[in-house]
Amino acid sequence: MSQITKDENVAENAKNAKKPFENGATDAVFKRRVVAITVGAVVLLAVLIILMCYQLIKIGVERNRVNQLKADIATLEQELENGEITLEIRRQYNYIEKRARQIGYHYVTDK
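Plus 2 on top of the position in the sequence shown (first one is 1) and you've got the working numbering.
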């Protein structure tokens with residue numbers, strides 16, 4: 003190819019590259035596409051923000067539930083410990099004898 007042909011090709015390509023923006027109808031289509039892409043991006047961003055807020059609220063609720071369950075476990079462990087102490091007391095001979103007298107039992111001596 004000669005130098006003139008290359009220059010003509012470069013010039014033709016430059017003209018063709020500018021043509022879509024020179025035509026008013028094509029420019030309007032380009033603007034509509036830009037607006038559509040922008041609206042899509044904004045809607046996507048809004049959906050993602052809503053999902054994030056939902057997840058944060060759900061995490062907070064679950065943390066409160068975990069804290070409540072931990073408190074319940076601590077209370078039950080305390081009750082268990084108190085119950086074990088009470089059981090030890092009630093297994094002692096003196097307590098058994100005292101309780102038996104309260105409900106009417108007494109010692110019988112064989113004669």
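Where is the CB? At the ideal position from N, CA and C, for every residue including glycine.
Under the three-state DSSP convention, the category residue i falls into
i      : result
Gly106 : coil
Arg92  : helix
Ala43  : helix
Thr28  : helix
Thr7   : helix
Thr77  : helix
Ile98  : helix
Nearest-angstrom beta carbon gap, residue j and residue i [assumed within contact, 8 Å]
i     : j     : result
Tyr97 : Ile91 : 6 Å
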